[in-house]
Structures are given as structure tokens and as C-alpha cells.
Amino acid sequence: MNTSATAINKGAASNIIELKGVTKIYMRGKERLAVLQDLDFTVPEGSFEALMGPSGSGKSTLLNLIAGLDTASSGRLTVAGADPAAMSEGERAKWRSRNIGFIFQTYNMMPVLTALENVELPLMLTKLSGAERRQRAQTALRIVGLEDRMGHYPRQLSGGQEQRVTIARAIVTDPKLLVADEPTGDLDRKSADEILDLLQRLNKEQGKTIVMVTHDPAAAERATRLNRLDKGALVID
Amino acid sequence: MAIPFTYNLRSLFVRKATTFATAGGIALVVFVLASSQMLSNGIKETFISSGSASNALILRKGSDNELSSGFENKFLNLLGAAPGVKQGADGKALVTGDLVVVLALDKLGAEGQVSNVQVRGVMANTFEVRPQARIIEGRPAAPGTDEAIVGKGMLGRFRGLELGKQFDLKKNRPVTVVGVFEAGGSAFESEVWVDIETLRTSFGRQGLFSSALAVLDSASKYDAFEAAVESDKQLGLETERERTYYEKASEGTAMVIQGLGMVVFFFFSLGAMIGAMITMYGAVSQRTREVGTLRALGFSRGAILVAFLAESFVLALAGGVIGAAASLVTTAFKLSTMNYDTWQEVSFSFTATPGILFGAVAAGGMMGIIGGFLPALKAARTSPIAAMRG
Amino acid sequence: MNIATLAARNVLRNKFRTIATALGVGIAILTFVLLRTVVSAWSDAAEYAAQDRVATRHKVSFIMSLPRRYVNDIQQVSGVQHAMAASWFGGKHPVHEKDFFATLAVDKDNFFQVYNELEVPDEQRASWLGNRRGAIVGRVIAKKFGWKVGDRVKLAGTIYPGDWEFDISGIYDSKRRSIDLATFFFHWDYLNESVEARSKDQVGWVVSRIDSSARSAEISKTIDGIFEERDIQTLSMSEKALNNSFLGMFSAMLKAMDFISVVILAIVLMILGNTVAMGVRERTHEYGVLRAIGFLPRHLATFILTEAALIGAVGGGFGLLISYPIVEKGIGRFLEENMQGMFPYFRISASTAVAALACGLVLGLLAAIVPAYNASKLGVVDALRRVG
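As they're listed, the protein sequences go chains A, B and C.
Residue 1 is where the first sequence starts when you use my numbering, and the numbers rise one by one after that.
Residue 1001 is where the second sequence starts when you use my numbering, and the numbers rise one by one after that.
Residue 2001 is where the third sequence starts when you use my numbering, and the numbers rise one by one after that.
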């Protein structure tokens, strides 16, 4: 595992994520807080990145910028060949639905929908027919090993199973990039390992690039590269 | 990392909106309750102030109201001689006779519409017998002339009923309005008064009265008066206290309004209480941790119950005060409607009393307590462990 | 899966709150239906009154009478098929004094032609025509006072004092809404022969059946024209116009009830707004997730509005459902029996029913506007930060 954050991956793989001089500032009343300071960050395609750091280090902010959930105050950002900051809100939403898969810590699923229906959700934004949506959702559930539970509601699933359904939803539109914010934070050790196995598999076998924010050292172990942030800057070990 | 505060502010506002919606609902209900009671009260007041407890109204036996009653001239003197009748300054008995008719006149502001106006033919001593009536503009109508005075409640409602204007008592019999009178807010203010002889000849009722009014020495003299009048079968008359007559005259209409108001209020309040209940349930679920902490600190279930009840009570009370205050606006308006018992169009105002207002506000508070009871119970049942849950 | 099923499932998420909301809205809508029905039933009397019947009364005052011979004069007017005299008797039941009902003394000759909507069996008609003291009474008062055909009854006179005896010759019913079912008709001759000399041969007003409703205004004018130059002038108008002007005296009350109807809708709005706002607030994180995976603010707004419209419609439907037994069967029967004059037919009209449902739906939409707007304005990151 390469710990040098500034090492640029030489080789055939191109960079799926490139940040140059990115700064993110929040206004707290009259105070200006620089959460990210002049950050350079690249992620080669097919990588499994872990982002770690103390509370307030800016790791979640970095994730939000990469995922197109937020825009930088200054600097340049390219993700999956596009510049999300240059898009309008509506265009960004569309871009997210096609290019990014989301895995959050908790409450990812809509409690009133079954597992299958939850996985279908991102496909509602496409022009696919109902039958086609269901088929793809089923495939995604098969990949994560929960096909037999597709008719279950979230309350009928364990924490680990819910996260697997979340991952199925994240891959159902076949995005290049998966973004995970503390995916194992709420799980017991065994379930957490299952999830991490799954993520590793998706990364190695399907070539999905994964950027994961985590506090869990065991999770960080699974990544191909570990990045540490502190006070808005990448720490060089 | 800094937390943006915008979402905190927004959630607070949403909570404020919820609070406002609940209080608003109760305010509306209280407004309707207070207003309908004020109207019903206004009707009663209008009619009750028309009659005094120490006056006796005389009608022909069997008639329900002045319109259907009629008796001859000659009986007036006999009435004056009855026991208990007060004497005027000139030594004559304070008794007067009226002829009451209804006249169709054009309404102002409603083209082509005609409505019934009560016209009272009065004798010269009418103001002596009815001291609450006073001329406020112009002068009294001179006896035996084609002159009339108009009650102030009639102004602006009918064509010709204005100082200086004329209206027809019958074809080719115009009458000129020479004065405006007020009568203590009573039903008389919705009448037109003319000389009784003028009215008698116009309506072909020569020598007839509809009713007579006798002023008694005191209210306690009434029983003796009644006994004297009604025991004489030759007279064929019946009498009752003037106040009682007017109370009965307004009963029907006042009851309908009060009845309607109460029915509407009943259903309304159910709706508002359910609204309050939903809000309080929401507040309770949101504050489970807070309540759990209080319990862990040692506050009893009863204390929690009371606290939440107090919260919904105060919320509802605030709504009630707003609603009651708003209802006072109605006192600026007059409502004219037909009094079903006497077929005349009378104007009523909304009359507020402290009792009505406090009662309405209290009703609002009660709605808060009833609606908030179940949620408060739920809060009281919160276990201290809830404080530790997320 | 589509927006409708999503809305339906979300509505069932917090069953207690949804049921309580539907209950609150339903009760408010019930009150709305009650008030609208009071207004429409009241106005109905004017709406359904006969336009092909003209009433002619003394121009100056309704308490003054017309000479008997006016009936013959009116009968001659072109367009008048049958003319009949009528006088207001003002009688009341000797025991149940407070129960008001109309008592009319009418000409026997043209009575059934002029009031051709009365359903009276032939033998009862014949019996009445042959009995000077006979009376035809409405079904509702017959039931209330326990009168049967053949009974001898007494009425106390208020305008014509004393006790008056009648025989119940027949009981009438009617399918048409142009007459109430609580009137007591008896012979004008019977009244006339018993009054004192100065009151003889007077009629309260004349009722005429005319050939065409469209001509009622014209015929009314013609009738009044005949008597213009005489000592006693008349005022004629169709029964419908008469009822309308009568109703006009209550216009302020009707307006007040319209105002309260609007207040009710405001209360419904508050109840719904409350519930929708609470639901939206609780789901902020969920909306955040939807935004993250690509749903637009307008999608969220659509979800919220649809859900709110559904709750509103359910509340409205529930309110309408409980209106039928409570308003029509319960309150309606009471009013029909005790206030026949004002409310001869107390039924929920189709337009009121539609309005109730529509109001529920529309108010649901309106109530959701602010919460939907707030939800769509919230940034994705902020929404995600909220837990639970």
C-alpha cells in the first residue's frame, strides 16, 4: 500500500479524479473557515482510496466535492472527465446519477420500499421501462448476494444486509466511481468485514474506483492507497 | 469542521410554523365561538332593552304579537283605570296605545328588492311613556300631521327613510321624515313612528289599536294589574310584562343562531383538538432524549405530564386570546336579518360581554388540555434510558 | 412503482398521524358540508319555488287585504289559467303552541289546479270539497301532531281569536320541491262566514297559475296595471321571485355562513400543513439521499405534493362519508320535522359533495407548498447531515 499522497501513479491508468489548488471556505457568521486549503489530489482509475483523519480535517468535505454534492470555493476539479463545478445544479444531479454510486453510513434506504425497489431508485431517473429496471436491480442484488431478499423491507434486514442493498443500489447504474462515507461505521465486526470484502471485490473484479472516508483502520487496510488529512491538507508521511 | 447553521434555522422555523398552525387553528375556533355568542347576545340585548319589567304590554287575547292583535279605542281608558298604573306629571294615567303595521319599502343598495318595515302609529304621549326614546336629530312629528320619525337603525337602508325625505304610507299619501330617534339600542330603533290617526286612516284601521303599553308604579304591581285586566272577560285582552314579550319575540332567532353556533363550534373544536394532538405528539417524539434526561435526573412522571399539559395549554390559550381579540372586530359591524317571530327586518350588533370573551378563551385553553392530554401521557411514560439512545 | 404508490406507502408510514389527520380534516369537512347544506337548503326554497305561479298582494303592506272581487279580475287576465283567493289564518295547535306551521284559507274552486303539485288521493279531495270545515294538511305536520284522516281537530286563532274546529279531510305529499309539507289548508268560505262585518269579503292575496313561466314578469305587470288607478293597488310576482326577496332579508346571515365556511377551510389547511411539515422535517436525511443519487428538487416537491393531496383527499372523502348519516339523516331529519318552513328538504347536494372532495385535495396541495419549497431549497449536504 502506497502511503505517499503525492506520488503520481505512472503507468497506463489515467486519473479519474484530479484536484488542483482546491480551497473550500465556510462562513461561520462573520468568520471565514478554510476547511480545505489549496489542495492537490489525484486518484487513478481503478484505485481503492481511503481517506482518514481527525474530526474537522476536511475529509468529508473532500468527499462531497469529489461526489459533486458541493462545489469548491476556488481551484480546479475534474472527476470522470468532467468539471462538476461548471455545471448547474440540475446538470450536476444528472451527472451524479450516471457517474457516482453513493454509500452512506446509515439510513440509506427508504423504509417504505422493498430492497428491490430501493435498488431501482436510481434507474427511475433513466428512460428504462419498469421491467428493465427490475431486471437490472435484480442483477445488482445478485452481485451483492441478496437476491433472495429482494422483497424484504429495510426493517426486515440486518445492518449488514441493508448496507449490501445500498451497495447494490450504488452499482445498479454501473458508475465508474463509488463514494463511501463511513460505510462500516454502524456495523459489527463481522458485517463490516463482509462489506469490505464486497467493496474489494467490486474494485478488483469490476474495476470500480472507490473513494472511502473511514475511521476504521481495518477498512483502511483493504484500500490500495491510504490518504491522511489534517486541517484541510493532505499529510505527507 | 464548521457546521452550516442554515439547516438549524430552517428547522426552527418549521417548528415555529407548526406552532403557529396549531395556535392559529384554535384561534379560528375561538373566534367563531365568541362571534356567534356575541351575535346571539346582541339579538337578545336588542330585544330585552326594548322592554321594561315595570311596563305591561296589552294585546288582544289569543294574539301572539302586535301584528295579529287588534282591539278598540274605548278599552284604553279602562286600562288606564286599572290598579297599579302610574300617573304622569299631568295627573293622567301613563298608558298609550299603538297601531303596528308592516310596510313594503324599497331597499337601498339592493335594486328592485323590497323589504318589510315596521311602522308604529303612536299617540302624543308616547315619549312620556317610553322615556328611553329620544330624538337625536330633527324634531318629533307633530300630532295629526303627515310627519314621521325614523329609528336610527333604519338609516341608510331604505329609500325615503332619511331626514327630510319622503315615503308613501299608501298611494298618494306621502309622509315626511322630520326626525331621527334612538331608543337605548332596542328593537324600536328598527321602526318608523308616525301619528296614529294618520296611520289609521291610511290603513283603514280607524278606532283600532294593535297594542297598549301601561307604565306601572313598580314591577311588583304587575300581578295585580294582570289579574284586573284578564279577569274582565268583556275586555277580551291579555297582558304580559313588556320585557317578557320582547324576550319571547327574540327567542326563536336567538336560539337558531346560538344553536348553529354551538353545533359548528362542537365540530370545529374537535378538529382543532386533533390538530393540537398531532402537533404535541410530534413535539414529544422529537424531544424523547430531552424527556429521558429529565427522568434520569429524577423528575417524576407526574411532573412530566404536567409540564407537557402546561405547554399545550399555554399554546392553546395564546391561540384563544388571539381568537377572542379578533372577534372584537365584529362589534364594529351590524347584521340585519329578519326576525322570524315578528317578520320585521331588524339590525343586530355583536355585543361582547366579559363572560363571553373569558368563556371563549377558557374554551380555547380546554381544547389545548384535552388535545394535549394523550401526548403528555406518552411523554410521561418515557423511560430514563431514552436519554441515552440516539 | 410510481409516484402514486410511493405517496400511498409514505402516507401509511405513520399510521397514527395519518389517521388522526384524516379524522381532523374529516370533521372539519363535515362541518363544511353542514354549513353548505344549510345555505343551499335554505336557498332551495327560492330555487325550486314555482315560477309558473304568481302571487298578488296589497302593494303597501302584506297585512292589508284585497277585495274579494279582485280574484275575478285577475282570472280575466290573458295568461292566467286559474286564480284563487288565499288568506293567512295564523292558527296554532292549542297544545303545542311553539310548533309553527302555516295555516291558509283558500278558495275551493281552483285550489287543486293552482297547487297542482299536491298529491292527494281522489277520495280525500272529494271529501274536502264537500266539507265546509274540511282541511288538507301536509304529511309532516300530520305525523307530528298525530292527525289522521277523519279526525276532528281544533286550532287556536291568533288573528281571528277563538277556537276553530276542522275535520281532517286529507293529507298531502309532494314530489316537487315547490311546496313544503307542513301547511294546513282549509276553506276560505269557512273563514269568511265567521268573521265580523268589517272584515268580510277580504282576501290576503291572490294566487294564480299562469300558462308559461317565461311570462311571469310580464303577466305580473299586467295584473298590477289593472289595479293601478283603483284605491287599492297590488304587487304581483312569481312565487320564485317572492321567495328570493324573502331570502334577501336573510342575506346577511347567509353571508356570515359563507364566511364561516371559509374559516373551516382555513382550519383544514392548518391541520394538513402541520402534518405535512412534520413528515417532511422527519425525512430530511432521506430527501438528502435522494438528491445525492440524482433526484432533483422538483422531484422531491412532486413527492411531497402528491402525498399531501392524497391525505387531503382521504380526509375529504372521510368527511363526506360521515356527513351522510350525521348531516342528512341526523340533523337533516330534525330540521325537516321541526323547521319545515325554512328547511323543507335538507339533502346534501351533488355540488356540495364534489366541493368537499375537491377541497380536501386542493387544500392538501396548498398545505404542502411551503414544506415542499423548504425541502427543495435545502442543500444536499445539509440535508444529509440531519439524522433521523
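Each residue gets a CB set at the ideal place from its N, CA and C atoms; glycine is no exception.
Bear in mind the structure is a predicted one, so any value in this text is a computation, not a measurement.
Quick one: measure Cβ to Cβ for residue i and residue j, integer angstroms, because I've assumed they're closer than 8 Å.
i, j, result
"serine 2065 of chain C", "glutamine 2124 of chain C", "Wrong, their Cβ atoms sit about 30 Å apart, outside the cutoff."
"glutamate 117 of chain A", "methionine 2278 of chain C", "24 Å between Cβ atoms; not a contact."
"phenylalanine 1203 of chain B", "valine 1101 of chain B", "6 Å"
"arginine 228 of chain A", "leucine 196 of chain A", "No, arginine 228 of chain A and leucine 196 of chain A are not in contact; Cβ-Cβ is about 19 Å, not under 8 Å."
"histidine 2285 of chain C", "leucine 2384 of chain C", "6 Å"
"isoleucine 1274 of chain B", "alanine 2020 of chain C", "6 Å"
"aspartate 2173 of chain C", "glutamate 2239 of chain C", "Incorrect: roughly 19 Å between the Cβ atoms, too far for contact."
"serine 2220 of chain C", "methionine 2237 of chain C", "5 Å"
"phenylalanine 1047 of chain B", "glutamate 1247 of chain B", "7 Å"
Using a Cβ-Cβ distance cut-off of 7 Å, determine whether residue i contacts chain A.
i, result
"asparagine 2338 of chain C", "no"
"isoleucine 2003 of chain C", "no"
"lysine 2015 of chain C", "no"
"leucine 2389 of chain C", "Residue 2389 of chain C cannot be examined here, being either before or after the span of chain C that is shown, 2001 to 2388."
"isoleucine 2260 of chain C", "no"
"arginine 2009 of chain C", "yes"
"alanine 2292 of chain C", "yes"
"valine 2362 of chain C", "no"
Does residue i get closer than 7 Å to chain B when you measure Cβ to Cβ?
i, result
"methionine 2237 of chain C", "no"
"methionine 2084 of chain C", "no"
"leucine 2023 of chain C", "yes"
"serine 2087 of chain C", "no"
"aspartate 2180 of chain C", "no"
"glycine 2248 of chain C", "yes"
"proline 2161 of chain C", "yes"
"alanine 2102 of chain C", "no"
"glutamine 2202 of chain C", "no"
"alanine 2358 of chain C", "no"
Using a Cβ cut-off of 7 Å (strictly closer), state whether residue i contacts chain C.
i, result
"threonine 1096 of chain B", "no"
"leucine 1317 of chain B", "no"
"alanine 93 of chain A", "yes"
"isoleucine 1385 of chain B", "no"
"alanine 1214 of chain B", "no"
"glycine 155 of chain A", "According to the sequence shown, residue 155 of chain A is arginine rather than glycine. No, arginine 155 of chain A lies away from the interface with chain C (no Cβ there is under 7 Å from its Cβ)."
"glutamate 117 of chain A", "yes"
"threonine 1018 of chain B", "yes"
"glycine 1271 of chain B", "yes"
"serine 55 of chain A", "no"
I'd like to know whether the C-beta atoms of residue i and residue j end up nearer to each other than 7 Å.
i, j, result
"threonine 1244 of chain B", "alanine 1056 of chain B", "no"
"leucine 1033 of chain B", "isoleucine 1257 of chain B", "no"
"proline 2094 of chain C", "alanine 2142 of chain C", "no"
"phenylalanine 1153 of chain B", "serine 1347 of chain B", "Inspection of the sequence shows that residue 1153 of chain B is occupied by glycine rather than by phenylalanine. Yes, the Cβ-Cβ distance between glycine 1153 of chain B and serine 1347 of chain B is below 7 Å."
"valine 1085 of chain B", "alanine 1141 of chain B", "no"
"alanine 115 of chain A", "arginine 149 of chain A", "yes"
"isoleucine 103 of chain A", "alanine 170 of chain A", "yes"
"alanine 1027 of chain B", "glycine 1323 of chain B", "yes"
"leucine 1076 of chain B", "arginine 1205 of chain B", "no"
"glycine 2090 of chain C", "isoleucine 2159 of chain C", "yes"
"valine 1119 of chain B", "leucine 1103 of chain B", "yes"
"glycine 232 of chain A", "glycine 58 of chain A", "yes"
"threonine 1351 of chain B", "asparagine 1041 of chain B", "yes"
"glycine 2315 of chain C", "alanine 2055 of chain C", "no"
Practice item. Can you check the region 134-219 of chain A for any alpha helix (DSSP H) of at least 4 residues that lies completely inside it and give the ranges in chain order? Key: 159-171, 189-206
Exercise for review: Would you mind listing the alpha helix (DSSP H) stretches within the region 49-79 of chain A that are 4+ residues and don't spill past its ends, in chain order?
Suggested key: 59-66
Exercise for review: Would you list, in sequence order, the uninterrupted beta strand (DSSP E) runs of no fewer than 3 residues that lie entirely inside the region 2097-2178 of chain C?
Suggested key: 2102-2106, 2134-2138, 2152-2157, 2162-2172
Practice item. Give, in chain order, every residue of the region 1059-1090 of chain B whose Cβ lies closer than 9 Å to some Cβ of chain C. Key: Arg1060, Lys1061, Gly1062, Ser1063, Asp1064, Asn1065, Leu1067, Ser1068, Ser1069, Gly1070
Exercise for review: Check each residue of the region 68-95 of chain A: if its Cβ is closer than 7 Å to any Cβ of chain C, include it; give the result in chain order.
Suggested key: For the region 68-95 of chain A, which is checked against every Cβ of chain C, the residues closer than 7 Å are Leu69, Asp70, Gly90, Ala93, Lys94.
Check your understanding: the region 2269-2284 of chain C: which residues have C-beta closer than 7 Å to a C-beta of chain B, in chain order?
Key -> Met2270, Ile2271, Gly2273, Asn2274, Thr2275, Ala2277, Met2278, Arg2281
Practice item. Below 7 Å between beta carbons is the criterion; list the residues of the region 2215-2228 of chain C that meet it against any residue of chain B, in chain order. Key: none
Check your understanding: Going along the region 1199-1232 of chain B in order, which residues come within less than 7 Å of chain C, judged by CB to CB distance?
Key -> Hits within the stretch, in order: Phe1203.
Point to revise | Residues of the region 1327-1361 of chain B whose Cβ lies closer than 7 Å to any Cβ of chain C, in chain order | key: Leu1335, Ser1336, Thr1337, Met1338, Glu1345
Review point. If contact means a Cβ-Cβ distance below 7 Å, which residues of the region 120-149 of chain A contact chain C?
Key: Glu120, Leu121, Pro122, Leu125
Check your understanding: What residues from the region 2366-2382 of chain C come within 9 Å of chain A, judged by C-beta to C-beta, listed N to C?
Key -> Gly2379, Val2380, Val2381
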